[in-house]
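1 is the number of the first residue of the sequence shown in the UniProt record's numbering; add one for each residue after it.
For glycine and all other residues, C-beta sits at the position ideal for the given N, C-alpha and C.
Just so it is clear, the structure is predicted and the values come from calculations on it, not from any experiment.
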Amino acid sequence: MRAWTIDHSAPDHLALAEHPDPEPGPGQALIEVAAFSLNYGEAVGVVPHGENGTVPGWDAAGVVVRAAADGSGPAVGTRVVTLGPGGAWAELRAVDTDWIGTLPEGVDLGEASTLPVAAGSALRGLRRLGPILGRRVLVTGAGSGVGRYTLQLAARGGAHVIALTTDPAKEETLRALGAHEVVVADRGASGGAWLVERLSDGPVHGVIDMVGGAIRVAAYRTVAPGGTLIAMGHSSGAAETFPHGDFAGPLGHDRAITSFFLLHDGAGIGADLTWLAGLLASGGLDAGVGWRGPWTGGAEALAALAEGKVPGKAVLDLPSAT
Ligand SMILES: NC(=O)c1ccc[n+]([C@@H]2O[C@H](COP(=O)([O-])OP(=O)(O)OC[C@H]3O[C@@H](n4cnc5c(N)ncnc54)[C@H](OP(=O)(O)O)[C@@H]3O)[C@@H](O)[C@H]2O)c1
């Protein structure tokens with residue numbers, strides 16, 4: 001099979017190379033990949049720093065061509081969406097059946113391929129906030145792929161959703177996706193109380209933070225007692241310095257910060273992916289594809305993603321998809 005392969009001697013750290021077909025383990029199905037989606041963490045982390053000769057890729061959708069030997073998972077011919085620690089950017093992929101969701105009729109394979117990392121992280125991050133019905137939830141980096149799914153799922157879960165973006169041009173889109181309020185922040189913002197002052201209706205129950213740095217520091221100040229900030233992403237690349245007092249006295253009382261990494265929280269994600277695909281099918285979720293092209297354009301799409309030039313998710317189609 002052919003696969004995008006880490007090659008640090010190539011200008012983009014990637015080459016389309018021949019590999020032996022993957023040999024699935026007993027609890028794995030073999031998938032013919034029709035489309036895969038790209039993530040920021042792959043563009044700036046996995047590709048430039050990954051191990052030479054390995055096939056990257058977390059998200060792929062396609063069709064089962066060999067069912068798992070242990071009898072688990074979908075049958076041959078089932079259209080599926082898959083998550084894995086690598087191997088998605090290839091013609092064939094072996095995946096644990098626990099990490100496979102099935103697709104209803106009518107769901108586009110490219111749109112489905114955006115679900116695993118982006119919508120899976122959004123769903124599982126929001127669950128960590130506990131019940132959100134009637135509560136205020138702040139989403140930072142709201143214009144990101146994960147952010148857009150987080151807004152939609154938080155609104156569906158009954159939260160009052162506040163989107164924080166650094167791009168004023170995204171405001172209308174974020175409202176259409178479910179944000180009840182949009183805060184436009186400066187990328188050069190500092191920590192401190194400015195964000196508390198912008199939220200005129202008081203503190204929030206939860207924050208899903210995709211940005212880190214000073215925005216994380218400011219967002220933590222908005223959390224009510226009993227609430228939680230989930231440190232999901234680090235798009236700013238900046239460190240966090242919390243002012244003295246943020247963890248003491250009235251400001252510091254009973255507010256939590258916790259971290260999250262989907263690939264270490266993936267048990268049973270196949271069932272979640274099946275549910276999310278059902279929402280896509282019914283029009284209850286917008287995949288927000290902002291870039292779509294043939295998989296031969298992988299390096300170009302990754303560069304655009306790393307530079308913040310993709311408004312939403314980037315999807316690449318294999319010839320088998322057409
Ligand atoms: N923990 C996990 O398991 C997990 C899973 C998936 C993703 N992530 C992380 O979540 C983040 C988003 O991932 P993605 O793939 O959805 O990214 P993406 O679609 O490429 O979006 C990145 C967004 O981050 C914001 N941003 C970028 N640079 C910024 C800066 N200097 N200051 C403030 N905001 C900035 C922008 O949002 P606005 O335009 O709205 O300001 C931008 O649209 C990444 O850090 C990624 O590594 C973590």
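In the DSSP assignment, GLU181 falls within the unbroken beta strand (DSSP E) covering 181 to 184. A residue is called buried when at least 16 other Cβ atoms come within 10 angstroms of its Cβ; HIS13 meets this threshold and is buried.
In summary, THR173 is buried, with 16 or more beta-carbon neighbours lying within 10 Å of its beta-carbon over all protein chains present.
Inter-residue distance for ALA176 and ILE215 is about 23 Å (C-alpha atoms, whole angstroms). Going by beta carbons, ASP272 and LEU123 fall inside the 7 Å limit.
If the five residues before and after GLY252 are omitted, its C-beta is found closer than 8 Å to the C-beta atoms of GLY245 and ASP246, all from its own chain and listed in chain order. According to the DSSP assignment, ILE132 belongs to no beta strand (DSSP E), since it is labelled neither H nor E. Boundaries around GLU32 are those of the beta strand (DSSP E), 28 to 38, since no alpha helix (DSSP H) includes it. If you draw a 10 Å sphere on the C-beta of GLY50, you find 16 or more other C-beta atoms in it, and that means buried. For LEU302, the enclosing alpha helix (DSSP H) starts and ends at 298 to 306. Beyond the five residues adjoining it in sequence on each side, VAL182 comes within less than 7 Å, by CB distance, of ALA163, THR165, GLU171, LEU174 and ARG175 in the same chain, given in chain order. Under the 10 Å beta carbon count, PRO104 is surrounded by fewer than 16 other beta carbons and is classified as exposed. Taking a 10 Å sphere around the C-beta of ASN39, we find 16 or more other C-beta atoms and assign the residue as buried. Around the Cβ of SER235, a 10 Å sphere holds 16 or more other Cβ atoms; the residue is buried. Between the region 19 to 26 and the region 279 to 298 there are fewer than three inter-stretch CB-CB distances shorter than 8 Å, so the stretches are not counted as touching.
ARG187 has its Cβ nearer than 6 Å to a heavy atom of ligand 1.
Assignment of GLU18 by DSSP, reduced to helix, strand and coil, places it in the strand class. The beta carbon of ILE132 sits closer than 8 Å to the beta carbons of LEU126, ALA154, GLY157, GLY158, ALA159, HIS205 and GLY206 from its chain, once the five residues preceding and following it are set aside; these are given in chain order.
The secondary-structure analysis by DSSP pairs SER259 across a beta bridge with ALA231.
The Cβ atoms of ALA15 and TRP58 do not sit closer than 7 Å to each other. With a threshold of 6 Å, the Cβ atom of SER200 does not count as near ligand 1, since no heavy atom of the ligand is closer than that. When secondary structure is reduced to three states using DSSP, GLY226 falls in the strand class. Contact between ALA301 and LEU316 holds, with the beta-carbon distance rounding to 6 Å and staying under 8 Å. If you compare the alpha carbons of GLY188, THR97, ALA287 and THR222 with that of VAL146, the shortest gap goes to ALA287.
If you draw a straight line from the Cα of GLY268 to the Cα of ASP21, it comes to about 26 Å.
Taking C-beta atoms as the reference points, ALA304 and VAL310 count as a pair closer than 7 Å. Look at HIS264: its beta carbon is at least 6 Å from all of the heavy atoms in ligand 1.
In this structure, the beta-carbon distance from ASP254 to GLY298 does not fall below 7 Å. Scanning its chain for C-beta atoms nearer than 8 Å, with the 5 sequence neighbours on each side dropped, one finds around VAL65 the residues LEU30, ILE31, GLU32, VAL76 and LEU92, in chain order. Your pair THR102 and THR274 checks out as a contact, with CB atoms roughly 5 Å apart and the cut at 8 Å. It is roughly 41 Å from the alpha-carbon of VAL196 to the alpha-carbon of ALA61. In the three-state scheme derived from DSSP, where H, G and I count as helix and E and B as strand, PRO294 is classed as strand.
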